[in-house]
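What follows is a set of notes on a single structure, which appears directly below.
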Amino acid sequence: MTLCSRCVQVVRKEEPMFRISGEEPTVDYHSAFKDLRESAKSCELCKAILESATHDNDQSLEDEADLERAFRGLKLRVEVNHFLCSPYSSHPPSSNDISAWGLRAYWVREEMSTRLILRKELDDTRERPIWTSSRPAAVEALLPTILTWLKECDDLHTSACSLEGVAKHPLLPTRCIDVGEADGSVEPRLAILGGCHGRYTTVSHCWGKGQLPARLTTSSVLALSEAINLDTLPRTYRDAVSITRALGIRYIWIDSLCIIQDDVNDWERESANMASIYRNAYLNLAATSALDSDGGCMHTPRPTTGFQIDPPPRWSSWGRFGEAADAEQATPALVRASGSVRNLEKAALNTRAWVLQEVCLSRRTIHFAQDQMYWFCAEREASEDGSHVHTPRYAGPPRAPLLGPPHWLTGQKDNVTRGSVYTMWWTLVEDYSSRALTKASDKMAALAGLTQFFREKLSEDEPVAGMWKAELVDSLCWTCNPFHGGGSRLGSGPPSWSWISIDGPIKRNCCRMSNELPHKRTEKELVIESVDVGWSGRPLTSSMQGGRLVGRGMLVELDFRLEEEHVHHCAAADTGNKGQMILYQGESRVVGRFKFDWRASVSSGAVRCLAVTQKQVTLNFCPPQDTVYFWFHVLILEPTGREDGEFRRIGAGKVWADSGVFDQVQPLVVQIV
427 MTLCSRCVQV VRKEEPMFRI SGEEPTVDYH SAFKDLRESA KSCELCKAIL
477 ESATHDNDQS LEDEADLERA FRGLKLRVEV NHFLCSPYSS HPPSSNDISA
527 WGLRAYWVRE EMSTRLILRK ELDDTRERPI WTSSRPAAVE ALLPTILTWL
577 KECDDLHTSA CSLEGVAKHP LLPTRCIDVG EADGSVEPRL AILGGCHGRY
627 TTVSHCWGKG QLPARLTTSS VLALSEAINL DTLPRTYRDA VSITRALGIR
677 YIWIDSLCII QDDVNDWERE SANMASIYRN AYLNLAATSA LDSDGGCMHT
727 PRPTTGFQID PPPRWSSWGR FGEAADAEQA TPALVRASGS VRNLEKAALN
777 TRAWVLQEVC LSRRTIHFAQ DQMYWFCAER EASEDGSHVH TPRYAGPPRA
827 PLLGPPHWLT GQKDNVTRGS VYTMWWTLVE DYSSRALTKA SDKMAALAGL
877 TQFFREKLSE DEPVAGMWKA ELVDSLCWTC NPFHGGGSRL GSGPPSWSWI
927 SIDGPIKRNC CRMSNELPHK RTEKELVIES VDVGWSGRPL TSSMQGGRLV
977 GRGMLVELDF RLEEEHVHHC AAADTGNKGQ MILYQGESRV VGRFKFDWRA
1027 SVSSGAVRCL AVTQKQVTLN FCPPQDTVYF WFHVLILEPT GREDGEFRRI
1077 GAGKVWADSG VFDQVQPLVV QIV
């Protein structure tokens, strides 16, 4: 089949890769859905766009009439990418390097779109099974790409990715599943490996809401140590075992089969080892698209279509996408629907709290998504079809949710300042707090591995209820994330001054962290005299049982009422307010503002404000230029009623320093529980 005239225009369109205006180069496409459908009968590219667009938007478009109404003139965005040339090349791409172009078809509404990959059919194309007409959902089809990624990482990446020297065969976890020989001639079994060394893989997966996956219990240890019938395991476990065998690795660690689930002491002890378990793994296998343990790792991707481009496109000078002047024959080409890393971010697995430390601590993770595989290590991100190749170390801190080990987290200690480590911690906390937990009591345990990892980087500091002792004053004024609505208290376990006590997203607020700690503080800031946290068992992995922070600071009582112009931050009136509250001194003198930690039913009243730390802000975007302002970050407290001077936190906010609210106030001892 040949291409229609409009698609020829697409592949021959000479457009700059970048425009000063920032606009993406686009071309007019079919103006009606029926035109695209008719053209798809004879044009392979139109057919691919039609199938991909209707597949990707089938939840928005219920019938053909909806398609007709929504279409309103399809535009085809031409994204000129050289993503299939070598990611390690030091020279700018030439016409010989370019083997693919990204196409994005979209309607008037940006969210209704589809992405495709158009590429030349080169020799290396045939070596990627995903670019065949229908890659089977089998280990044999996945293995070449996985092995290529592993070899590149082992040979070319830094120690942030690979295990060096003796550590190439690190200490194995307490228990692993021995998968046996690659040919599957021997059934897997539970192996007790304390003190042994070797390579192993790990698994990140969703347990699911229904029937729990296969589990190790005190009564099944002996039986599973003899043999594990693969047919009795859920699909995700079977797939992970098959992949591990194919890689020639003897052991795999799966949480539900390697931790005794009905032994509290074993669970707490092994949960405390998460940092070393995932950090020392050769590879982490993430069943990203699976909603539960039966979802599996291996999926059949959508098919690839082949056709001829005559004359062929090429990468010409000055970054333009145009026709090859010396082309003598048509170029074989392939097109397929392309997934997106954004799809990974929305996947069920990456909404789970436990998974954050698994993918951050693992040196390499492969996400098995519905459309294809994605590789993440500290040095590189890549997709199976080549549409995504990214070098994180040049991009700064990534956006949430994190999908792999951030380079700025795994870098050498000598290259990381203490202040930046604290900033890294809060980046992870903000991501973590937006994720879901089945058991609220696991909130600290699911972060224990990362806590231990950071403790090694901050050798002279110690964790305190999800924060760090050396910068605790600067951490106390966290707030509930204003863009995600209010949270709720988790009960009487975690202390109210810790973000662990909130079920919902939180945001770092007052973290005045520089590269040198401690800071020089003013006499009006809070001085912490002691802090203590209780645990039901092993610290970090058992349930918190209260905590007490004793400090000396300035406490005042101020009136408040709801700020009307911030109602858009609030819940509906009948569900309680979660908006900005204005602080007043007297009848009408505004001195600051705050937010409750959860959906509060009150819109006015009086609260106690504890000055925590002072911050300087320079405003240079409004006259007078470079105006310097000072404010106090404050905790909003209420008495517990149990003893004088004992309070619990109910919110956080700011009081303008020049309001004079704290000028005549004497410090006193307060206890916050």
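For the sequence shown, the numbering used here gives the first residue as 427, with consecutive numbering after it.
Beta carbons: idealized from backbone N, C-alpha and C, even for Gly.
May I ask you to list the residues that DSSP assigns as paired with R664?
Paired residues: none, contrary to the question.
Which one or two residues does DSSP pair with T777 in a beta bridge?
DSSP lists no partner for T777.
Kindly list the residues whose CB is nearer than 7 Å to the CB of D657, restricted to its own chain and excluding five residues on each side of it in sequence; keep chain order.
none
Do W925 and S859 come within 8 Å of each other at the CB atom, strictly closer than that value?
A contact, by the Cβ cut-off of 8 Å.
Taking the beta carbon of Y1055 as the centre, do at least 16 other beta carbons fall within 10 Å, making it buried, or is it exposed?
Exposed, by the Cβ-count rule.
In chain order, each beta strand (DSSP E) run of at least 3 residues that lies wholly inside the region 619 to 644:
626 to 630
Once the 5 residues before and after N522 are set aside, which same chain residues still bring their CB inside 8 Å of it?
For N522, the pLDDT reaches just 48, beneath the cut-off of 50, and the residue's location in the model is therefore unreliable, although a value from the coordinates is still provided. So the list is empty, once near-sequence residues are dropped.
Can T714 and L673 be called in contact, C-beta distance under 8 Å?
no
So the candidates are S682, F880, S788; which of them puts its Cα closest to the Cα of Y848?
Scanning S682, F880, S788 for the CA closest to the CA of Y848 turns up F880.
Under DSSP, the beta strand (DSSP E) around E1013 begins and ends at which residues?
Taken as a continuous stretch (DSSP letters only), E1013 belongs to no beta strand (DSSP E), as it is neither H nor E.
Assuming L775 and C632 are in contact, meaning their beta carbons sit under 8 Å apart, how far apart are those beta carbons, in whole angstroms?
6 Å
Of all the options I1098, L582, Y704, which has the alpha carbon lying nearest to the alpha carbon of D1070?
I1098
Unbroken alpha helix (DSSP H) runs of length 4 or more, entirely within the region 666 to 729: which are they?
Runs found: 681 to 684, 690 to 697, 700 to 705.
Please classify G620: is it buried, with 16 or more other beta-carbons within 10 angstroms of its beta-carbon, or exposed?
exposed
Closest residue to L966 among C803, T877, R978 (Cα-Cα distance):
T877
Taking C-alpha atoms, which residue in W575, K869, I678 lies nearest to R625?
I678
Whole angstroms are fine: how far does the CA of S914 sit from the CA of K933?
15 Å
Under the three-state reduction of DSSP, which class applies to D580: helix, strand or coil?
helix
Limits of the alpha helix (DSSP H) - the one that G875 falls within
874 to 883
If you check the beta carbons only, do V1081 and V1033 fall under 8 Å apart?
Going by beta carbons, V1081 and V1033 fall outside the 8 Å limit.
Roughly how many whole angstroms lie between the Cα atoms of I1076 and G972?
16 Å
Return the CA-CA distance between T628 and V953, expressed in angstroms with no decimal places.
44 Å
Please list the terminal residues of the continuous alpha helix (DSSP H) segment that includes V1091.
Counting along the chain, no alpha helix (DSSP H) covers V1091, and no H or E run does either.
Suppose contacts are defined by Cβ-Cβ distances below 8 Å. Is R790 in contact with N710 by that definition?
yes
Is the beta carbon of L616 less than 8 Å from the beta carbon of I686?
Cβ distance not < 8 Å, so L616 and I686 don't count as in contact.
So, for Q1092: in the same chain, excluding its five sequence neighbours on each side, which residues have a beta-carbon less than 8 Å away from its beta-carbon?
M980
Backbone secondary structure at V1081 - three-state DSSP
strand
Beta-carbon gap between T905 and K1021 smaller than 8 Å
When the beta-carbon positions are compared, T905 and K1021 come within less than 8 Å of each other.
Look at S611 and Y663 and say whether their C-beta atoms are less than 8 Å apart.
no
Rounded to whole angstroms, what is the Cα-Cα separation between R411 and W851?
This structure cannot settle anything about residue 411, because the visible part of the chain is limited to 427 through 1099.
F1022 bridges to which residues according to DSSP?
G1077
Put V1099 into one of helix, strand or coil per three-state DSSP.
Of the three classes helix, strand and coil, the one that applies to V1099 here is coil, per DSSP.
Using the Cβ count rule (16 or more neighbours within 10 Å means buried), how would you classify P832?
buried
Straight-line Cα distance separating L863 from Q798
27 Å
Go to G972, then tell me how far its beta strand (DSSP E) extends in each direction, as first and last residue.
970 to 979
Alpha carbon to alpha carbon, how far is G830 from G960? Give it in angstroms, no decimals.
32 Å
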